[in-house]
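Heads up: the sequence shown is residues 1 to 559, going by the UniProt record's numbering.
The C-beta atom is built at its ideal place from N, Cα and C for all residues, glycine as well.
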Amino acid sequence: MAGGARRATSRPPQAANATSSSTHAAFQKVPAIKLGYANKAPMRHLLIFIALMLASAAPSFAQKLEPVTLQLKWKHQFQFAGYYVAVEKGYYRDAGFEVKLAEAQGEDTLDAVLAGKAHYGVAGSELALRRALGDPVVALATVLQHSALALAVRGGTSLTVHDLSGRKAMLSPHDQELLAYLKREGLAGGRVQQVPQSYDINDLVTGKVDAFSVYTTDQVWQLRKAGLAYTLLSPRAGGIDFYGDTLFTTEKRARGEPERVRAFREASLRGWQYAMDHSAETVDLILARYSQRLPREHLLFEAAEMARLMQPQLIEIGHMNPGRWRHVAGVYAEIGMLPRGFSLDGFLFDDVSRGTRGPDPWLIGLGLLAAGSLAAAGWLFLRYQRLRSQVQPVVPMPAPMAEGATADDAADDLFSLDYLRRTLPRELERARREGATLQLAWLRVNEPLQPDGGPAAAGSLVRALAALVAQRSQGGDFACHAGRGELAWVLPGEASDAAAQRLRALAADFARQPVWSGLIELKGTVAWGLAAFPHDAADAQALLRIAAERVSAPNAASG
Numbered sequence: 001m002a003g004g005a006r007r008a009t010s011r012p013p014q015a016a017n018a019t020s021s022s023t024h025a026a027f028q029k030v031p032a033i034k035l036g037y038a039n040k041a042p043m044r045h046l047l048i049f050i051a052l053m054l055a056s057a058a059p060s061f062a063q064k065l066e067p068v069t070l071q072l073k074w075k076h077q078f079q080f081a082g083y084y085v086a087v088e089k090g091y092y093r094d095a096g097f098e099v100k101l102a103e104a105q106g107e108d109t110l111d112a113v114l115a116g117k118a119h120y121g122v123a124g125s126e127l128a129l130r131r132a133l134g135d136p137v138v139a140l141a142t143v144l145q146h147s148a149l150a151l152a153v154r155g156g157t158s159l160t161v162h163d164l165s166g167r168k169a170m171l172s173p174h175d176q177e178l179l180a181y182l183k184r185e186g187l188a189g190g191r192v193q194q195v196p197q198s199y200d201i202n203d204l205v206t207g208k209v210d211a212f213s214v215y216t217t218d219q220v221w222q223l224r225k226a227g228l229a230y231t232l233l234s235p236r237a238g239g240i241d242f243y244g245d246t247l248f249t250t251e252k253r254a255r256g257e258p259e260r261v262r263a264f265r266e267a268s269l270r271g272w273q274y275a276m277d278h279s280a281e282t283v284d285l286i287l288a289r290y291s292q293r294l295p296r297e298h299l300l301f302e303a304a305e306m307a308r309l310m311q312p313q314l315i316e317i318g319h320m321n322p323g324r325w326r327h328v329a330g331v332y333a334e335i336g337m338l339p340r341g342f343s344l345d346g347f348l349f350d351d352v353s354r355g356t357r358g359p360d361p362w363l364i365g366l367g368l369l370a371a372g373s374l375a376a377a378g379w380l381f382l383r384y385q386r387l388r389s390q391v392q393p394v395v396p397m398p399a400p401m402a403e404g405a406t407a408d409d410a411a412d413d414l415f416s417l418d419y420l421r422r423t424l425p426r427e428l429e430r431a432r433r434e435g436a437t438l439q440l441a442w443l444r445v446n447e448p449l450q451p452d453g454g455p456a457a458a459g460s461l462v463r464a465l466a467a468l469v470a471q472r473s474q475g476g477d478f479a480c481h482a483g484r485g486e487l488a489w490v491l492p493g494e495a496s497d498a499a500a501q502r503l504r505a506l507a508a509d510f511a512r513q514p515v516w517s518g519l520i521e522l523k524g525t526v527a528w529g530l531a532a533f534p535h536d537a538a539d540a541q542a543l544l545r546i547a548a549e550r551v552s553a554p555n556a557a558s559g
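1. Quick check: the stretch 432-445 against the stretch 526-541, are there 3 or more CB pairs under 8 Å?
2. Can you tell me whether D497 is buried or exposed, with buried defined as 16 or more other CB within 10 angstroms of its CB?
3. If I follow the unbroken beta strand (DSSP E) through T160, where does it start and stop?
4. For G124, is the classification buried or exposed, using 16 other Cβ atoms within 10 angstroms of its Cβ as the cut-off for buried?
5. Per the contact definition of three or more C-beta pairs closer than 8 Å, is the stretch 315-333 in contact with the stretch 92-102?
6. Specify the secondary structure class of R154 as computed by DSSP and reduced to three states.
7. Does the distance from the C-beta atom of Q439 to that of A499 stay below 8 Å?
8. In terms of alpha-carbon separation, which member of G271, Y243, P258 and L294 lies closest to D351?
9. Determine the contact status of Q77 and I286, defining contact as a CB-CB distance below 8 Å.
10. Quick one: residues in its chain with C-beta nearer than 7 Å to the C-beta of L72, no 5 flanking neighbours on either side, listed in chain order?
11. Counting only the same chain and skipping the five closest in sequence on each side, list residues whose C-beta sits under 8 Å from that of A553.
12. Which value, in whole angstroms, describes the spacing of the CA atoms of G82 and L269?
13. Which word fits H535, buried or exposed, when buried means at least 16 other C-beta atoms lie within 10 angstroms of its C-beta?
14. Per DSSP, what kind of secondary structure is D539 in: helix, strand or coil?
15. Helix, strand or coil: which one does DSSP assign to A81?
16. Is DSSP giving Q105 helix, strand or coil here?
17. Run through DSSP, which three-state label would F347 get?
18. So, is A229 buried or exposed, given that buried needs 16 or more other C-beta atoms within 10 angstroms?
19. When the distance is taken between beta carbons, is L178 closer than 8 Å to L151?
20. Please classify R426 as buried or exposed, where buried requires at least 16 neighbouring CB atoms within 10 angstroms.
21. For R296, count the other beta carbons within 10 Å of its own beta carbon; 16 or more makes it buried, fewer makes it exposed. Which is it?
22. Does the Cβ of Y419 have 16 or more other Cβ atoms within 10 Å, making it buried, or fewer, making it exposed?
23. Using the beta-carbon count (16 or more within 10 Å), is T206 buried or exposed?
24. Using the rule of at least 16 other Cβ atoms within 10 Å of the residue's Cβ for burial, across every protein chain shown, is S343 buried or exposed?
25. Taking only runs that begin and end inside the stretch 184-266, name each unbroken alpha helix (DSSP H) of 4 or more residues, in chain order.
26. What residue range does the beta strand (DSSP E) around M170 cover?
27. In whole angstroms, give me the CA-to-CA distance for G244 and L428.
28. Could you tell me if E302 is buried or exposed, where buried requires 16 or more neighbouring beta carbons within 10 angstroms of its beta carbon?
29. One question on the structure: do M478 and V138 come within less than 8 Å of each other, judged by their Cβ atoms?
30. Inspect the beta-carbon positions of E126 and Q197 and report whether they are closer than 8 Å.
31. Please list the terminal residues of the continuous alpha helix (DSSP H) segment that includes A67.
32. Please report the straight-line C-alpha distance between L299 and Y199, rounded to a whole angstrom.
33. Under DSSP, the beta strand (DSSP E) around Q501 begins and ends at which residues?
34. Buried or exposed: K75, going by 16 or more other Cβ atoms within 10 Å of its Cβ?
35. Provide the residue(s) that pair with W442 in DSSP beta bridges, ordered along the chain.
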């Protein structure tokens, strides 16, 4: 794709008294409390004294900012939205960093970081492969819970991966996930004619090649705008479910300065949370400050598709499951790209940094100062707490995805996600009282194999799956919409083996049954994951997260 993107610039330094002002404002917000004696002047003096003592420590925060370069893996677009927000909102500056965001210029992202040209980088699941080959890289946080990489194939009929035999496919050297998919499906050894990647989607549109590696969050928008009939082939259909974009650094940095690395990671994730909560605002930021290479509609499409792969309302942004990384390594080993039994020790930052965190002298000093000062006013807060009404804890549950609220949700007998949020904690409490089990299934309709069916095709498949789930429900089972193309199915009192058997049968029947969208006959598949109470988790939020993480390839066992 063409360049034309501008380099990121950081916002101006904050005023020196910003911390002091925020501290003073915090004390101003403390609710007024009636005191038990007439003369309140001494207490006001005490509060002013405490505020001044804490404010006097604020200049310590005004440390020199550390210059840091974050190497992106592509051009400026929503794919890196969280990092733009972290720069523009001052999250990096608050953590002590002056961050430069470097667009990809042809050099491999990992090579740039390993060579010291950048301090941090963004890469895909090839991180595990490079680690196995001896490169000292450490994964910090995963942004995309599922990879956006897929093969777009010309033709709107029900093509399969085996139809690529003898055809030209445009792949890049970094598409190891797709290469693993082809090899697992018996299409290695030249059976597919691999053509060097031009990164120009028009090569597929014009028929120069038959297949093209794409990011479903990006080039799919261009294919739809071009009106091309195409089929998307995802590695997940072959049981390969890799992580997507992952923030990483070198092992030397991770071990040598874990606190700084942790601070950079937290500032980055804070940026991602804001970007996904305010996607339209973030798109405007990208257009105004970084690049106008892509139109606003394209960036909004990218934001919506990324939300599907991130699931930010369900899974904490940045979350990494060691089991998923072992799956990545296992697939590479299966196809001969890694030795079997390869260990991921030292690859995940939380393992590397465990035990390396040392005491911060400044924080110790500030803590003693704050403890001594606040102790004098502690009885005020104790009195205030006694005046507050008691609030019962509420189990945090994911809110509906922005893209999940569609008219299709009202077209069947399934409950809403709001019903799940209210009901699942009660069902878990009942199971806990009765000493019973409960299974939570997370089902996801995969992209229809006939994308030329239009937007209605996906809706037709979701309604068909909802009808099949409702038909197969029994006893106290209930199912709810859980986002665009996703359902949650609660199975009280069900054993794990029995629930998995029901899900396998449902997935197989769904793949066989005809689904119509207008005059187009669709073929759809469903991926699912299963989490058990109390074996896997004892609370609703954790149970939902685990079930969603375990979503596997169509018809494959899970849980």
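Quick look at the numbers:
1. yes
2. exposed
3. No beta strand (DSSP E) holds T160; DSSP gives it neither H nor E.
4. buried
5. no
6. strand
7. yes
8. P258
9. yes
10. F80, L101, A102, E103, A104 and V122
11. Residue placement at A553 is poorly supported in this model, since its pLDDT is 48, which falls under 50; the coordinates are not used for a value here.
12. 7 Å
13. exposed
14. coil
15. helix
16. coil
17. coil
18. exposed
19. yes
20. exposed
21. exposed
22. exposed
23. exposed
24. exposed
25. 202-205, 219-226 and 251-256
26. K168 to L171
27. 32 Å
28. buried
29. The question names Met, but residue 478 is Phe in the sequence shown. Not a contact, by the Cβ cut-off of 8 Å.
30. no
31. Strictly speaking, residue 67 in this sequence is Pro, with Ala absent from that position. P67 -> not in any alpha helix (DSSP H); beta strand (DSSP E) instead, spanning E66 to Q71.
32. 18 Å
33. Segment S496 to R512 is the alpha helix (DSSP H) holding Q501; no beta strand (DSSP E) there.
34. buried
35. A488 and G529
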